[in-house]
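Which chain is which? The protein sequence lines are A and B, in order.
Here the first sequence stands for residues 49 to 690, numbered as in the working numbering.
Here the second sequence stands for residues 49 to 690, numbered as in the working numbering.
Note that CB positions come from ideal geometry on N, CA and C, so glycine has one too.
Notes follow once the structure below has been shown.
There are 2 protein chains.
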Amino acid sequence: MNINCFKKGGLICLLAWLMLHTTNAHAAEKILQASKYIQSSDADVAMGLYRLFEEAKKNNYTKIEFQKGTYHVYSDHAFEKYCFISNHDSGPRKIAFSILGFKNLEIDGGGAEFIMHGLVIPVAIENSTNITIRNLFFNFDRPTHSELKVAAVDDKNNTIDFEIGNQYPYEIRNGQLIFLKYGYEHNLENAVYWDAEKRAVAYQSRLLTPINKILQKSVVSNIDSEKLLYPIDTNSPAYKFRGTENSLVAQQLKPGLVRISGIKETLPKPGWILVAKGLNGNNRLAPGVRLLDSENILVNNVTVHHASGMGLIAEGCTNVTLDAFRVVPKAGDGRMLSTNADATHFVGCRGKVLMQNCKFENQLDDATNIHGTYLEVTDISKKTVGARIGHFQQVNYNFGRPGDSVVAVNPKVDAKPLAKLTIKKVEVINPRYYQITFNEDVPQQVLKGFYLENIQAYPEVEIRNCEIINNRARGLLISTPKKVIIENNVISSMMAGVQCPNEFTFWYESGYVKDLTIRNNKFLDNTYGNPKPSPVINVLAASEKGNYIHDRIVIENNTFLNYSSCILLAEHVKDLKFINNTITYSGNYPISTEAPVISMVGVGEADIRNNKYDSRFTKFIASNASAKTIKNDNNESIEKGR
Amino acid sequence: MNINCFKKGGLICLLAWLMLHTTNAHAAEKILQASKYIQSSDADVAMGLYRLFEEAKKNNYTKIEFQKGTYHVYSDHAFEKYCFISNHDSGPRKIAFSILGFKNLEIDGGGAEFIMHGLVIPVAIENSTNITIRNLFFNFDRPTHSELKVAAVDDKNNTIDFEIGNQYPYEIRNGQLIFLKYGYEHNLENAVYWDAEKRAVAYQSRLLTPINKILQKSVVSNIDSEKLLYPIDTNSPAYKFRGTENSLVAQQLKPGLVRISGIKETLPKPGWILVAKGLNGNNRLAPGVRLLDSENILVNNVTVHHASGMGLIAEGCTNVTLDAFRVVPKAGDGRMLSTNADATHFVGCRGKVLMQNCKFENQLDDATNIHGTYLEVTDISKKTVGARIGHFQQVNYNFGRPGDSVVAVNPKVDAKPLAKLTIKKVEVINPRYYQITFNEDVPQQVLKGFYLENIQAYPEVEIRNCEIINNRARGLLISTPKKVIIENNVISSMMAGVQCPNEFTFWYESGYVKDLTIRNNKFLDNTYGNPKPSPVINVLAASEKGNYIHDRIVIENNTFLNYSSCILLAEHVKDLKFINNTITYSGNYPISTEAPVISMVGVGEADIRNNKYDSRFTKFIASNASAKTIKNDNNESIEKGR
């Protein structure tokens, strides 16, 4: 299988279809049976997997076939390499399936299940081409997060008693509740309540969390003696907690029952589940599938039941297809959560990202997030720019290749390109500081503090027939100027169902949309975890100069079954269409009718036609909506819903 | 300079002499002036140093000349690579002088001083041959440890008030005193008192520390659910503090003055300095000079004023000469400590280690430690052995090369070799787990739990004309079966002056001596920091079978000016000579006369002649000394001392 049908310039890409239909068609198939190295009766198959992939590479096998069964992978004897993984915590990581530098390999798991013991990345595909992985299940013996059941609350003393099950060893150390994992620990940071009956994030859960408020300033002295020449990343683990204290104190009532006092927030309901993963910087450690700098990847019928991090994260990859990729808790595991971060995530990818027939359920962050990464200009010398990685989870990010087009933007104004340059070379002096040399002199208008955006490292996107339910945070985050189609999906997330973010301050994630179509989707309740109703489709941008940041957005033939009237916010969109959508009250949460269905800021042409909306949602288009022209035609209030 | 005069079989090695005298003699010298890239007026020379070494390598320069001056290196823009460093904490590390893969390079610093800002390893020499580095000073802007002055003690309430100077930013967070460093933090773990007047570790300081006793067991629950297949390293940072609590609570009296309560130990004297470096696993981060897998290295007239870790650590190097290498605090810095670990350290080195004219002062650990590293056998399959790294600070250790002779030993019995094997290949599956294939089948007598020792990875050693004073821990730790000469040194350490350890339980450091000569040295007070007097020369070994572990040890013509009578312990030494030594009371600490001057366990022939010892030290040879034969001849008690 040596297919590379992606063509520069965005011509029709047949890759996904071909990859799905041709794997049995080629003649020179050379099959390696995994049973040569591993048996499901083995106590630990880590070393066997290492030898298996070693042989597959050495002898150019094109296919590895596994036998159905349950296999255990212990981190102790697993292969390790240092992994910088975007939006994760970097470090030396164990890997079960190490697909590094392969060409033309299909892995057929035959329905096998692999259970990780310790921090193991189940699958890493790096610097590889034409790789298919299918028919596999991945899980972790012990979850890397922890789940606590609210046993009782005391609103006089502001305490909560938590039941902690046997899957979650813990200790109380100097008054702090600490969960003991294989090779690491975590505390009650980054905790979210889940409604056990709905198996979804609890209604308005953001009012109740984080439970560990960092309210009191601790005593800090002598700090003036710091002599810093460069900015520090105050979000990074080394700095984030300086000058702060934990408000919580833990006390064991009996084994498995712990009282937490010092709660400053609204108390939860007994029976709810608190899911905690601990401090940022040490809670996204081993994603399910890691794809790096690879091309033509198909993940088909693969299930990630749990991972410390994302279900799948792809960086710098060209043409990635996820077909029937599932991030879901396993029935019988007794866990509320699947992965403890996004189900999927794509950074700086190219070609096409296709997701179809996927299921993303109960993960602790977005279903997907597709974006680029800004670098901050720190110094300029003729053709060379010194540039800084903004977020500690993007260190060592592969910013671009020679020949890539890069633009400079002024983040204090907006995301509009101010100068275009072509990469000659990128030198990673250290993972935070790069020197990038361009073919051209850097124009004088580009200043220290400007951001660099690689405008070639964005993919086309199709997301269809996917089910996204009961997760924390958003459904789909889309930040790519290439063509995007989102259709026939079911989406229900505690925040926005679809969001096009545009921000410069925290994540340094670049991107906007130029051609986004959202059609024939069913948006079940979204945004219910927010303190106040917010837009189900949330298109954000800022521009001091009133520029259009997003180009064309079409939202068509969708059904919104929502507890609140707040359906769309569109900021700085040039060409917005909202057509043939049906919006009704879901009946699942208290109705909220205050917000208008559609809000607009700095929009160009708005074409809003043939929509039907619940008659209780009295404001259709916000009275203060700002757009150059608004076509508001044949939109009908209907008596429907519960 | 392409000298490789080391000859297998231990013939006379002229290397050091040649390296010292020939650097100006060769014709094809190609000199690069550092001033092309860095000026002492630069705010930060990190990037300039990177470009300097880049050019030196690319264009095969043989010499780099620096201009005298003070240069600042900020970690922010320094080159980074992941460093596994033996007896240090591994991780991504910044490097100022990155001498990686060089051949034939002399660096003449011209007396320049380089000051690190943040965690920067000043010098790393890896995979290089024939490298000289001279005439340089290295320091850190802010110390990586912290020093606190005892302002007052309250023996009723068991509290200590500490003054904390401006070099040491700190905060009190949830009752814990935390020192804020550039990119990391530390607490009061690993703290030692220094006597400010003597500028040495305080008398019997080990009675007073560690100040943070970990006495209370914290509440641990659900721990039974852990399913472990392999042993965990309970000394590693992830496990060490499980089930424990800190006894200390900190309270700010005023900025720069902090009261610590919860002290369980004897209180210190006001005016003493507490030196703390924080938890193991996060306190040996950036050694001064790091040498790895290199050959023919000369470090000449180089001073390390401070480092987070050792002054110099060499791993797997052949022929290392330190001439006038100094690890000393800088006058005017107002610091008690130089480096926060050993001054020097040699692991798995070969050829000759020569140290002369060196000064090792006020560092927080031994002056040197020369040893190999054991691996633990975990599984055996014909010619291949699975082996585990025992200590978390030895992960990824380069155990041996194809062709090296390895022996297996049974650590439950003693260090005697039981089987000899020859390495075919070493595979590092992960930094803790190796697979080692031998030319031969592994004999049946070798069992799981046995240790592997590389008997070729040991150096000859000469240490002469060095001054070792006022440091914590030991002077010289010697564990190499090759010829060792220690002569004309001055040694005064808080524990043993010279120690030959032999242990299997904690450090996994291999080695013993076969031919050790200690002559013409001046041992000023040693062992004064211990709770009780202990041997100045401490030769340790255990053998269930009564085997000789050490071979020949000659201790001759040395002067011992000591507070205590406890001078020599020799365990399991085949051939011991203690001749012409003079032992007198120093007068610097309360006299201790209880211990015999010489104790022996399981010694073969002991030749003890012509020694003079203070008449107050009434026991010369221990009454229970066990040796095959003891020649006790012409040893004279003298009326001398204070």
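Worksheet item: Between the stretch 112 to 123 of chain B and the stretch 83 to 97 of chain B, are three or more C-beta pairs nearer than 8 Å?
Response: Yes: the two stretches touch, three or more of their Cβ pairs being nearer than 8 Å.
Worksheet item: Mind checking if Asp720/B is an interface residue toward chain A, Cβ cutoff 7 Å exclusive?
Response: Outside the displayed span of chain B (49 to 690) sits residue 720/B, for which this structure offers no information.
Discussion item. For Gln442/A, would you say it is in contact with chain B, using Cβ-to-Cβ distances shorter than 7 Å as the test?
Written reply: With 7 Å as the cut-off, Gln442/A does not count as an interface residue toward chain B.
Item to complete: Below 8 Å on the Cβ atoms is my guess for Ala435/A versus Thr426/A; work out the distance and round it to an integer in Å.
Response: A Cβ-Cβ separation of about 6 Å places Ala435/A in contact with Thr426/A under the 8 Å criterion.
Practice prompt. Please decide whether Gln300/A counts as near chain B, where near means a Cβ-Cβ distance under 7 Å.
Written response: Output row for Gln300/A: interface = yes.
Item to complete: Report, in whole angstroms, the separation of the C-beta atoms of Leu340/A and Pro285/A, which I expect to be a contact under 8 Å.
Response: At roughly 23 Å, the Cβ-Cβ gap does not stay under 8 Å, so Leu340/A and Pro285/A are not in contact.
Worksheet item: Are there 16 or more other CB atoms within 10 angstroms of the CB of Met49/B, so buried, or fewer, so exposed?
Response: Only weak support exists for where Met49/B lies, its pLDDT of 34 falling under 50; the value from the coordinates is given anyway. Looking at its Cβ environment, which holds 16 or more other Cβ atoms inside 10 Å, Met49/B is buried.
Item to complete: At 9 Å on the CB atoms, spell out the chain A contacts of Lys275/B, in chain order.
Response: Residues of chain A passing the Cβ test: His165, Asp189, Arg190.
Practice prompt. Along the alpha helix (DSSP H) that carries Ala286/A, what are the first and last residues, could you check?
Written response: Note, Ala286/A: alpha helix (DSSP H), 285 to 288.
Fill in: Proximal residues, the stretch 106 to 124 of chain A versus chain B, C-beta separation under 7 Å
Under the 7 Å Cβ criterion, the stretch 106 to 124 of chain A contributes Tyr122, Asp124.
Worksheet entry | Chain-ordered neighbours of Leu97/A on chain B, where CB pairs are closer than 7 Å | Those do not exist, as Leu97/A stays about 11 Å from chain B at its closest Cβ, beyond 7 Å.
Fill in: Pro459/A in three-state terms, based on DSSP
Of the three classes helix, strand and coil, the one that applies to Pro459/A here is coil, per DSSP.
Worksheet entry | Neighbour flag for Pro491/B against chain A, beta carbons, 7 Å | Interface flag for Pro491/B against chain A is unset, since no Cβ pair is found closer than 7 Å.
Discussion item. Please tell me whether Phe162/A has its Cβ less than 7 Å away from any Cβ of chain B.
Written reply: No, because no Cβ of chain B sits closer than 7 Å to the Cβ of Phe162/A.
Practice prompt. Would you mind telling me which residues of chain A sit closer than 9 Å to Lys142/B, beta carbon to beta carbon, in chain order?
Written response: Per Cβ cutoff of 9 Å: Asn478.
Worksheet item: Distance, Cα to Cα, His69/A vs Arg190/A?
Response: Because the pLDDT at His69/A is just 47, under 50, the model does not fix this residue reliably, and the point stays unresolved.
Discussion item. Quick check: what's the CA-CA separation for Asn680/A versus Asn672/A?
Written reply: Their backbone Cα atoms lie some 14 Å apart in a straight line.
Worksheet item: In angstroms, rounded to a whole number, what distance separates the CA positions of Asn595/A and Ala589/A?
Response: For Asn595/A and Ala589/A, the distance between alpha carbons rounds to 10 Å.
Worksheet entry | Identified DSSP bridge partners for Phe608/A | Answer by DSSP bridge pairing, in chain order: Phe571/A, Ile631/A.
Worksheet item: Where does Tyr560/B sit, in a helix, a strand or coil, going by DSSP?
Response: The answer is coil: DSSP assigns Tyr560/B none of H, G, I, E or B.
Worksheet item: Of the residues that make up the stretch 194 to 224 of chain A, which ones have a beta carbon closer than 9 Å to any beta carbon in chain B?
Response: Residues Ile212, Gly213, Asn214, Gln215, Tyr216, Pro217, Tyr218, Glu219, Ile220, Arg221, Asn222, Gly223, Gln224.
Worksheet item: Taking the alpha carbon of Pro479/B as the point to measure from, which residue in Lys378/B, Val443/B, Tyr122/B, Leu616/B has its own alpha carbon closest?
Response: Residue nearest to Pro479/B within the set Lys378/B, Val443/B, Tyr122/B, Leu616/B is Val443/B (criterion: CA-CA distance).
Discussion item. Taking 8 Å as the limit between beta carbons, can you name the residues of its chain near Leu228/A, skipping five residues before and five after?
Written reply: Setting aside the 5 residues that flank it on each side, Leu228/A is surrounded in the same chain by Pro217, Tyr218, Glu219, each with a C-beta closer than 8 Å to its C-beta; the list follows chain order.
Worksheet item: Excluding sequence positions up to five away, which residues of its chain have a Cβ less than 8 Å from the Cβ of Asn72/B?
Response: Model confidence at Asn72/B stands at a pLDDT of 47, short of 50, so the residue's coordinates are unreliable; what they give is reported in the following sentence. Once the five neighbours on either side are set aside, Asn72/B has no close Cβ partner at all.
Worksheet item: Using Cβ-Cβ distances below 8 Å, what residues of the stretch 230 to 255 of chain A are close to chain B?
Response: So the close ones are Tyr230, Gly231, Tyr232, Glu233.
Discussion item. Using a 10 Å radius around the Cβ and a threshold of 16 neighbouring Cβ atoms, would you call Thr118/A buried or exposed?
Written reply: Burial call: exposed.
Practice prompt. Would you kindly work out how many angstroms separate the C-alpha atoms of Cys53/A and Pro450/A, rounded to a whole number?
Written response: For Cys53/A, the predicted structure reports a pLDDT of 39, less than 50, and the residue's modelled location is therefore unreliable. The matter cannot be settled from this model.
Item to complete: Consider the Cβ of Ser674/A: report whether some Cβ of chain B lies at a distance smaller than 7 Å.
Response: Not closer than 7 Å to any Cβ of chain B, the Cβ of Ser674/A fails to qualify, so no.
Worksheet entry | Own chain, CB closer than 6 Å to Ala64/A, minus 5 neighbours either side, in chain order | Caution is warranted here: a pLDDT of 43 is assigned to Ala64/A, below 50, making its placement in the model unreliable, and the coordinate value is therefore given only provisionally. Counting only Cβ-Cβ distances below 6 Å, and skipping sequence neighbours, we find Thr369, Leu402.
Discussion item. Using CA atoms only, rank isn't needed, just tell me which of Met384/A, Asn344/A, Ser640/A is closest to Arg398/A.
Written reply: Ranking the options by Cα distance to Arg398/A, first place goes to Asn344/A.
Fill in: For Arg383/A: DSSP bridge partner residues
Secondary-structure assignment with DSSP links Arg383/A through no beta bridge to anything.
Fill in: Pair within 7 Å by beta-carbon distance, Tyr506/B and Met542/B
No, the pair does not count as a contact, with Cβ atoms beyond the cut-off.
Worksheet item: Does the stretch 632 to 650 of chain B come close enough to the stretch 610 to 618 of chain B to have 3 or more Cβ pairs within less than 8 Å?
Response: Taking one beta carbon from each stretch, the stretch 632 to 650 of chain B and the stretch 610 to 618 of chain B have 3 or more pairs nearer than 8 Å; the two touch.
Fill in: Secondary structure of Leu255/A, DSSP reduced to three states
Note: Leu255/A maps to helix in three-state DSSP.
Item to complete: Just mark Phe691/B as buried or exposed, buried being the case when its beta carbon has 16 or more other beta carbons within 10 Å.
Response: Because chain B here runs from 49 to 690, residue 691/B falls outside it and cannot be looked at.
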